[in-house]
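Note sheet for the following structure.
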Amino acid sequence: FIIRTVLSYCCYLPKPNITLKAINDKQTLVVSWLVKHSSFVGDIYEIELSRTEQLTVIYTVISAEYTWTWISDLPLECVDHSVRMRYYNQSDQSPWSNWITNSANDEIHIFPSSRVLRQGSSAMFCCIPPTGVNVKRMTFRNKEYRLLSIGGGVKAITVNNLTIPKGIIKHLLLTCDDATGNSVHVSNYISFPPQKPRNVGCVTFDMVSVSCTWDSPRKRLLHDRNVQIYTLHIENSDKSPFTCEQSSCTFPAVPHLQNYNISVWVKDKLGEEMERYSFNISDRVFPVVKSLSVNRGVTEATVSWSMQESLTHVNLICQVATVPLGTVEVNSFKLIIIIINLLSEDSFCDTKLEHLVPNTKYNVRVRCTVNGRLWGEWAEETFITDPLVSLDLWRRIQPLSNSRTRQVTLMWKPVTATINIQEYTVQWSQEGQTESKNSSVGQAVVSIGPGKCDFTVQAVLPSGTSIPANITIPPAEHKENLPVQKRLDSTSEGGFNLAWDDQSTATCGYVVEWCMLGNAVPCTPQWKVPEGNNALLLHASKFRAGHRYTFYIYGCTDNGYRLLEIQTGYSQEFNSVQRPSLVEPVQSTSSSVTLEWHYNEDDPAQPAFIMGYLVTVQEVGSVWLPDRSNVSVADPHVKFVTIESLKENTEYTCSVSALTKEGPGLPANITFRTKINYSSLIIKVLTPIFLLMGFTVLLWSQVKM
């Protein structure tokens with residue numbers, strides 16, 4: 001149909017002058033013309049469009065615009081497309097303009113080629129053969145389609161409902177075969193048009209730049225050839241559009257602009273889409289926590305952080321959340337809310353965490369907001385509180401000769417060995433006076449008077465001081481009798497199992513003291529506090545076999561520590577004890593011998609307890625005497641023995657060795673000869689003489705008769 005506008009023209013309508021522009025990849029022709037009769041208003045333009053060299057009119061349109069755009073269903077390269085135009089009105093019309101032609105390709109070709117086509121649409125594909133050659137067949141995705149005659153030997157096919165291939169290769173193959181046997185192959189690509197951005201949102205971290213993000217309703221495939229271009233426009237400013245990423249865009253904030261009206265555009269070869277979004281920049285502040293650090297202590301910690309620049313003189317609300325790691329207790333989570341106003345860009349925020357558990361790993365997180373609606377991301381840090389350092393304190397008291405002064409050696413050791421201790425402070429009070437000194441090691445020597453004295457030792461840590469360790473030295477007048485030593489039986493495991501009677505006067509526990517190397521000199525004191533009972537198991541790894549250890553058991557009273565028991569023993573005994581020293585000459589008779597020896601059975605250097613002695617007697621050159629070769633002395637303090645029933649005038653060898661739990665030790669040997677028994681000898685000589693004399697007398701009396 002033709003739309004006509006009735007105008008009165010007083011002048012001749014000139015022949016139009018038109019221009020034609022072809023956009024091949026969009027199959028679009030753009031017609032434009034100049035209007036020289038500017039005095040006329042409401043001109044009507046009739047445009048005709050023809051296809052092929054015969055100028056067959058295929059489209060007529062009435063337009064009131066100065067440009068006209070037409071989209072072809074057939075690629076422009078397939079055949080010639082020509083356009084002409086004229087003015088007209090109710091009373092007059094202009095001559096037709098000359099035909100302006102967009103010429104087709106004059107070589108063998110398939111169109112479109114290497115083009116992105118819209119998914120779900122229909123497309124026409126043409127094959128232009130050489131002059132005088134006919135097109136025999138056209139296939140799309142290896143499927144032959146019915147040929148359509150376009151003119152001038154050009155053939156075309158129509159493919160409906162284009163779909164995106166599911167395989168890795170996304171192009172679609174189009175083939176044209178002519179009558180001479182030649183084939184031409186081209187590829188095209190199927191994609192979908194741009195999607196309208198959704199969920200557009202914008203934030204600012206520092207009031208200097210703005211970051212916007214959005215989602216795309218449909219994700220593009222990896223090898224999609226339909227490249228998209230995203231731009232962001234600030235519609236209420238004169239800023240040029242900003243080129244963006246696929247789902248985000250960052251641009252400088254416009255000075256003094258609070259309310260932003262933006263539009264996000266996405267364009268590709270199949271079209272364009274746009275979404276608008278408005279916001280107030282003050283409502284979209286997203287504070288960023290920087291430089292989060294923790295200054296830890298034992299039960300407290302100070303959390304410090306800074307904020308992104310350009311947030312000064314803004315009221316911030318910050319949350320500090322703390323939770324110990326590895327716990328499932330609901331009440332262990334703590335949240336602190338503070339209000340901050342930064343005065344300068346280099347200002348730091350801080351808050352104090354209290355009531356923390358010592359030597360515990362914590363996670364602390366901090367986030368802030370400006371208006372309470374938009375919170376920044378959590379910044380987090382992990383830290384471990386310092387151990388609760390306590391000192392295990394002990395003392396040794398040494399009275400000084402010819403003086404009432406006593407020398408106290410204080411010894412201590414941290415319960416936690418891995419803590420960094422800078423030094424120790426020692427403080428003592430006696431008779432109302434208080435003194436102190438520092439020590440870099442776990443020991444201090446202090447001279448005090450005869451009265452009661454209270455000592456306090458603390459470790460100096462990077463984060464403070466340890467729990468005070470206290471000990472009381474009783475008055476010098478407080479004398480106590482040393483208890484009798486008790487011997488301990490060594491166990492098969494080689495350790496010590498100490499036990500003692502529970503004392504009602506020991507109101508604050510017990511302490512067991514011993515020397516590291518046993519009773520050897522010098523002594524390196526060791527001590528251990530049993531956990532609330534009157535028994536203590538010490539493992540063999542802490543002791544050396546063959547060394548005697550003496551354990552002093554103290555009870556803690558209100559007046560200091562009092563010695564309760566002394567126990568001594570070996571973790572493992574050896575029989576390699578010293579030889580006895582025999583006294584010479586030995587005292588012997590014709591039938592016995594008395595042996596004496598010297599021996600220090602209580603020597604603490606011995607590798608075992610001396611339980612007695614073993615004495616053996618052997619006749620030189622003969623076997624052992626049955627049941628009489630070995631004589632045991634059960635009392636280690638008895639150092640002599642008499643052996644009876646020996647032969648007179650006989651040489652014997654005797655040995656004496658100390659007896660231990662593990663057997664006899666090294667022997668001491670001596671050789672002697674028993675004396676001659678002269679009384680027995682006289683009887684032996686006189687008896688035959690008397691018998692002979694009696695026999696002679698008897699014989700003589702018989703002769704006389």
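Residue numbers (UniProt numbering): 1 to 705. Glycine is no exception: its CB is placed at the ideal position from the N, C-alpha and C atoms. Remember, it's a predicted structure, so these values are computed and weren't measured experimentally.
Asked: Contact between the segment 70-88 and the segment 185-200 (3+ Cβ pairs under 8 Å); Found: no
Asked: MET307 in three-state terms, based on DSSP; Found: strand
Asked: Of the listed residues CYS249, LEU538 and PRO129, nearest to GLY494 (C-alpha basis); Found: LEU538
Asked: Start-end ranges of the alpha helix (DSSP H) lying completely within the segment 613-701, minimum 4 residues; Found: none
Asked: C-beta atoms of PRO130 and ASN188 nearer than 8 Å; Found: no
Asked: Cβ separation of THR472 and GLY560, assumed to be a contact under 8 Å, to the nearest whole Å; Found: 4 Å
Asked: Nearest residue (CA-CA) to CYS368, options ILE384, VAL357, ILE339 and GLU431; Found: ILE339
Asked: Same chain, Cβ closer than 6 Å to SER38, five either side skipped, listed in chain order; Found: At SER38 the pLDDT is 49, less than 50, meaning the model places this residue with poor confidence; the figure from the coordinates comes in the next sentence. Taken in chain order, the list of residues that qualify is empty.
Asked: Residue from THR456, HIS256 and LYS452 with nearest C-alpha to ALA444; Found: THR456
Asked: DSSP-derived helix/strand/coil call for ILE419; Found: coil
Asked: Nearest-angstrom Cα separation, counted from ILE23 out to TRP68; Found: 13 Å
Asked: Cut-off 8 Å between Cβ atoms - residues of its own chain near residue 725, not counting five sequence neighbours on either side; Found: Since the first residue shown for the chain is 1 and the last is 705, residue 725 is missing from the structure and cannot be characterised.
Asked: Proximal residues to PHE205 (C-beta, below 6 Å), its chain only, five neighbours per side dropped; Found: PHE286, VAL288 and GLN308
Asked: DSSP-derived helix/strand/coil call for CYS540; Found: The question names Cys, but residue 540 in the sequence shown is Ala. ALA540: helix per DSSP, three-state reduction.
Asked: Cβ distance (whole Å) where VAL617 is taken to contact ILE670 below 8 Å; Found: Actually they are not in contact, since the Cβ atoms of VAL617 and ILE670 sit about 10 Å apart, beyond 8 Å.
Asked: Limits of the unbroken beta strand (DSSP E) element including GLU513; Found: 510-515
Asked: SER183 (DSSP reduced to helix, strand or coil); Found: strand
Asked: Start-to-end residues for the beta strand (DSSP E) that takes in SER72; Found: Note, SER72: premise wrong, no beta strand (DSSP E); not H, not E.
Asked: Local conformation of ASN533 per DSSP, three classes; Found: coil
Asked: Exposure of ILE448, with buried meaning 16 or more beta-carbon neighbours within 10 Å; Found: buried
Asked: Coil, strand or helix - VAL703 by DSSP; Found: helix
Asked: Alpha-carbon to alpha-carbon, CYS126 and LEU20; Found: 22 Å
Asked: Chain-order list of residues whose beta-carbon lies under 6 Å from that of GLY153 (same chain, five-residue window excluded); Found: PRO129
Asked: Opening and closing residue of the beta strand (DSSP E) in which ILE100 lies; Found: 100-102
Asked: As assigned by DSSP and simplified to three states, the class of ASP283; Found: helix
Asked: Segments of 3+ residues assigned as beta strand (DSSP E) that fall wholly inside the segment 425-497; Found: 433-439, 443-448, 453-461, 469-473 and 485-487
Asked: Per-residue burial, PRO688 [other beta carbons within 10 Å of its own, 16 or more giving buried]; Found: exposed
Asked: Where the beta strand (DSSP E) containing VAL210 begins and where it ends; Found: 209-215
Asked: Given LEU232 as reference, the closest of LEU221, PRO217, THR213 and ARG225 once Cα atoms are compared; Found: THR213
Asked: Environment of GLN228 [buried if 16+ CB atoms lie within 10 Å]; Found: buried
Asked: CB contact flag (PRO414, ALA459, <8 Å); Found: yes
Asked: Member of PRO667, VAL203, GLY271 and PHE140 whose CA lies at the smallest distance from the CA of TRP375; Found: VAL203
Asked: Integer-rounded CB distance, given that LEU353 should sit under 8 Å from VAL298; Found: At roughly 12 Å, the Cβ-Cβ gap does not stay under 8 Å, so VAL298 and LEU353 are not in contact.
Asked: Residues bridged to residue 774 (per DSSP); Found: With the chain covering 1 to 705 only, the question about residue 774 has no answer from this structure.
Asked: Three-state secondary structure assigned by DSSP to LYS239; Found: coil
Asked: Exposed unless 16 or more other CB atoms sit within 10 angstroms - verdict on SER657; Found: buried
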